[in-house]
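Trainee:
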Amino acid sequence: MELKMRLCVALLSLSLCLVLMGHVRAQEEADDMEMDVEDAIDDMQEEDVEEEEQKAPSSPAAPTVTYKAPEPMGEHYFAESFDKGTLQGWVLSQAKKEGIDEEIAKYDGKWEVEEMKDTKLPGDKGLVLKSKAKHHAISGLLLRPFTFDTKPLIVQYEVNFQNGIDCGGAYVKLLSQTPDLDLEQFVDKTGYTIMFGPDKCGEDYKLHFIFRHKNPKTGEFEEKHAKKPDADLRTYYTDKKTHLYTLVLNPDNSFEILIDQTVVNSGNLLNDMTPPINPPAEIEDPDDHKPEDWDERPKIQDPDAVKPEDWDEDAPAKIADEDAVKPDGWLDDEPEYISDPDALKPEDWDEDMDGEWEAPQIPNPVCETAPGCGPWERPMIDNPNYKGKWKSPMIDNPNYQGVWKPRKIPNPDFFEDLHPFRMTAFSAVGLELWSMSSDIFFDNFFITSDRNVAERWAADGWGLKKAAEGAAEPGLVNQMITAAEERPWLWIVYVLTVALPLVLIIVFCCTGKKSSAPASAAEYKKTDEPQPDVKEEAEDEEDKEEESEAKKSEEEEDSTGEAEEAAGNDNKDDSTSNEKSEDDILRRSPRSRKARKD
């Protein structure tokens, strides 16, 4: 019984695993299929959903989340939710990109303020990049320039790749404060302080954090890139959900990069940027050259070595085996291959053009039963006297000086900046993008120096989106049914994983012989009252027990009789003792007592 129970538990566990695996596989296939859906198909799907909702008004509606535009509550430098429905405060670039064809040089990609196509929050609008394969550039001024001093910098905004992303970026640039900053001429070469956000092309999923560091000696700027995150970023680009990207820079040079308020990358500006902030204190002397007599050879040939007199460089590596003997039956006069006697010259064979025709060669059938045909030759073996060309042995080079390296000299460009956080102030935020995917949704840009204020803004904006998307997601059962409707083969998996274990449970746990346990003999011995008859199996067991007890009693009485006879007792005493034994047996057996009473 215990084995059956274990088997049942194992089957139930196996069925649960199969159900979950089938669901996961279905979900992955659904995600892959969604990535390839075009805009027109999306519109058709939305219409189908609306029709289904009208046809099935009785189905329970998903919980709704009421949208309310977030309001900045605290010190901030920039806050934009686009809920006014306009681009007021934003400037479209009118410039052209340099160094490329005139046809694609213009920043003529279109921007719109609208709701997401599959919005779960009616009334929530955002900035949408509408065009494919176009240059886009748009920017807006901060309320006041941000200066890096004693307060941290927090930058956050939301992105949703509504159609997935093939190749393109969704990063922001914090434009440096300069006297000549003109937002209408915003291009890729416009000076920026920080570039931050997602970027993807092919299978390379990036999350940029780049800042331009000013060399205190030369005044030139150099881009410094943060190390690549260890986290797998693929899901954020493919799940078509709204994600919150946050950059936190602290005055102690530490930084954090968060997605959906979870840290995915962190480090220090002094230690975790490429190339490093500070150059090395020493460099190799570019004017230092290796001396001509510098010996870098660790080993040389022994100049005193002499080739031995018996060294034969001409000895072959292989020689004929002189001990070999030609096998019996070897056919020396028979060729290994012969002309095919059944071959016929093709009718269109032209000897003037094709030459004299010859039948193709086939293996000689006579050689099939012989050890070999043709002239016999001794097999070749390794020459034991072969030594090859003589070379002097290698010895340590007594003049070895090691691998030459140029000497180190002080770096004339060396500087030490221990406060790279003190970057160039910025006064505008901009999006300068090229993308092969359309309908990239941006929302809720926020720049502040107070992390609590940023988290409150995120809760009022992105938090509502997350709650709405979570409320709209179907349960596990509905997801399984939907997946099976798209992939009918999943019904077979569901049936096998549910019906089969139930059948096995019924077979193993609910069938078999049903027998009531017979009352033990000990229970009958507790009283002299007449007992009801039990099944034959119980009676057989009792009979065996009675016979065993009777034999033991007889053996005891026999030993007692022999002792009394040895003491001079007669045969009468023996019969008397036998009668007593029978009485004892009758008293011990409940059935016998019953028979006597009857």
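Counting from 0, one number per residue, gives the positions in the sequence shown under numbering that gives the first Met the number 0. Note that the Cβ used here is the ideal one computed from N, Cα and C, for glycine as well.
Answer yes or no: do serine 92 and phenylalanine 185 have a C-beta to C-beta separation smaller than 8 Å?
Mentor: Their beta carbons are under 8 Å apart, which means serine 92 touches phenylalanine 185 by this criterion.
Trainee: Evaluate the contact criterion for the segment 203–217 versus the segment 120–137: three or more CB pairs, one atom per stretch, below 8 Å.
Mentor: Judged by Cβ distances under 8 Å, the segment 203–217 makes no contact with the segment 120–137, as fewer than three pairs qualify.
Trainee: Would you mind giving the Cβ-Cβ distance between methionine 272 and alanine 230, rounded to the nearest angstrom? I have them listed as a contact below 8 Å.
Mentor: Actually they do not touch by this definition, with Cβ atoms about 19 Å apart.
Trainee: Check whether the segment 455–473 touches the segment 128–140, counting contact only when three or more Cβ pairs, one atom from each stretch, lie closer than 8 Å.
Mentor: No, they do not touch.
Trainee: May I ask you to report which of helix, strand or coil DSSP gives arginine 266?
Mentor: Reading the sequence as shown, one finds glycine at residue 266 and not arginine. Three-state result, glycine 266: strand.
Trainee: Given this structure, state the Cα-to-Cα distance separating arginine 421 from proline 71, to the nearest angstrom.
Mentor: If you take the alpha carbons of arginine 421 and proline 71, they lie about 26 Å apart.
Trainee: When the Cα of threonine 261 is compared with those of Asn252, Pro274, Leu243, which residue comes out closest?
Mentor: Minimum Cα distance to threonine 261 is reached at Leu243.
Trainee: Do we get a CB-CB distance below 8 Å when we pair glycine 266 with the residues of chain D?
Mentor: Absent from the structure: chain D. Only one protein chain is present.
Trainee: Can you tell me whether leucine 489 is buried or exposed? The criterion is at least 16 other CB atoms within 10 Å of its CB, across all chains shown.
Mentor: Buried, because 16 or more other Cβ atoms sit within 10 Å of the Cβ of leucine 489.
Trainee: Measure how close the beta-carbons of cysteine 366 and glutamate 333 come, nearest whole angstrom, since I'm counting them as under 8 Å.
Mentor: Rounded, the Cβ-Cβ distance is 6 Å, consistent with contact.
Trainee: Ordered along the chain, which non-local residues of its own chain (more than five positions away) have a Cβ less than 8 Å from that of proline 151?
Mentor: Only Val247, Leu248, Asn249, Pro250, Ser448, Arg450 meet the Cβ criterion.
Trainee: I need the straight-line Cα distance from glutamate 335 to alanine 319, nearest angstrom please.
Mentor: Going by the C-alpha atoms only, they are around 22 Å apart.
Trainee: Less than 8 Å between the C-beta atoms of glycine 373 and aspartate 311, yes or no?
Mentor: It is not a contact, given that the beta carbons lie outside the stated cut-off.
Trainee: Run the CB neighbour count on glutamine 360, radius 10 Å, all protein chains shown included, and call it buried at 16 or more, exposed below.
Mentor: Exposed is the call here.
Trainee: Going straight from the alpha carbon of asparagine 599 to that of asparagine 270, what length do you get?
Mentor: The structure shown does not extend to residue 599, since the chain is modelled only from 0 to 597, so the question has no answer here.
Trainee: For phenylalanine 145, which residues of its own chain have a beta-carbon under 7 Å away from its beta-carbon, when the five flanking residues on both sides are left out?
Mentor: So the list reads Tyr76, Leu152, Ala424, Phe425, Ile446, once near-sequence residues are dropped.
Trainee: For glycine 600, which residues from the same chain have a beta carbon less than 8 Å from its beta carbon, with the 5 sequence-adjacent residues on both sides left out?
Mentor: What the structure shows of the chain is the stretch from 0 to 597, and residue 600 is not part of that stretch, so it cannot be assessed.
Trainee: Use the C-beta contact count for glutamate 102: other C-beta atoms within 10 angstroms, 16 or more gives buried, fewer gives exposed.
Mentor: By the neighbour-count rule (16 or more Cβ atoms within 10 Å), glutamate 102 is not buried but exposed.
Trainee: Going by alpha carbons, who is nearest to tyrosine 106 out of Ala94, Glu114, Asp117?
Mentor: Selected option, being the one with the closest Cα: Ala94.
Trainee: Can you list, in chain order, the residues of its chain with a C-beta nearer than 6 Å to that of proline 370? Leave out the 5 residues immediately preceding and following it.
Mentor: Contacts found: Pro326, Gly328, Trp329.
Trainee: To the nearest angstrom, report how far apart tyrosine 432 and tyrosine 170 are at their CA atoms.
Mentor: Residue identity differs from the one stated: residue 432 is leucine in this sequence, not tyrosine. Those two C-alpha atoms are separated by around 8 Å.
Trainee: Between Pro411, Glu222, Trp375, Thr245, which lies nearest to proline 197 when the distance is taken from Cα to Cα?
Mentor: Nearest of Pro411, Glu222, Trp375, Thr245 to proline 197, Cα basis: Thr245.
Trainee: Glutamate 74: which of Phe220, Asn443, Val452 sits nearest, CA to CA?
Mentor: Ranking Phe220, Asn443, Val452 by Cα distance to glutamate 74 puts Val452 first.
Trainee: Only counting runs of 4 or more residues, tell me where the alpha helix (DSSP H) segments fall wholly within the segment 424–455, in order along the chain.
Mentor: If we require 4 residues or more, the segment 424–455 turns out to have no alpha helix (DSSP H) run fully inside it.
Trainee: Over what stretch of residues does the beta strand (DSSP E) that includes tyrosine 76 continue unbroken?
Mentor: Tyrosine 76 -> no beta strand (DSSP E), and no H or E assigned at all.
Trainee: Pull up the CB-CB distance for tyrosine 385 and alanine 314, whole angstroms please, since I reckon it's below 8 Å.
Mentor: Confirmed, Cβ separation roughly 5 Å.
Trainee: Take serine 436 and list the residues in its own chain whose beta-carbon comes closer than 8 Å to its own, dropping the five residues that flank it on each side.
Mentor: Taken in chain order, the residues that qualify are Lys131, Phe160, Asn162, Gly163, Ile164, Asp165, Cys166, Gly167.
Trainee: On the CB-based measure, 16 or more other CB atoms within 10 Å of its CB, does isoleucine 258 come out buried or exposed?
Mentor: Buried, by the Cβ-count rule.
Trainee: Under a three-way DSSP split, which group does tyrosine 191 fall into?
Mentor: Three-state DSSP puts tyrosine 191 in a strand.
Trainee: Nearest to alanine 323 by CA position, among Phe254, Met379, Thr118, is which residue?
Mentor: Considering only alpha carbons, the answer is Met379.
Trainee: Going by Cα to Cα distance, which pick from Gln87, Ile99, Gly462 is closest to glutamate 111?
Mentor: Nearest option by C-alpha distance: Gln87.
Trainee: Could you tell me the alpha carbon to alpha carbon distance between glutamate 97 and threonine 189, rounded to whole angstroms?
Mentor: Computed Cα separation, rounded: 12 Å.
Trainee: Throw me the rounded Cβ distance for the alanine 458 and glutamine 155 pair, which I believe falls under 8 Å.
Mentor: At roughly 12 Å, the Cβ-Cβ gap does not stay under 8 Å, so alanine 458 and glutamine 155 are not in contact.
Trainee: Mind checking who histidine 418 pairs with in its DSSP beta bridge?
Mentor: DSSP output for histidine 418 lists no bridge partner at all.
Trainee: Spatial neighbours of isoleucine 193 within its chain, please: CB distance less than 6 Å, with the 5 preceding and 5 following residues excluded, ordered by chain position.
Mentor: Counting only Cβ-Cβ distances below 6 Å, and skipping sequence neighbours, we find Leu173, Phe210.
Trainee: According to DSSP, is glycine 635 helix, strand or coil?
Mentor: Examination of residue 635 is not possible in this model, given that the chain is present from 0 through 597 alone.
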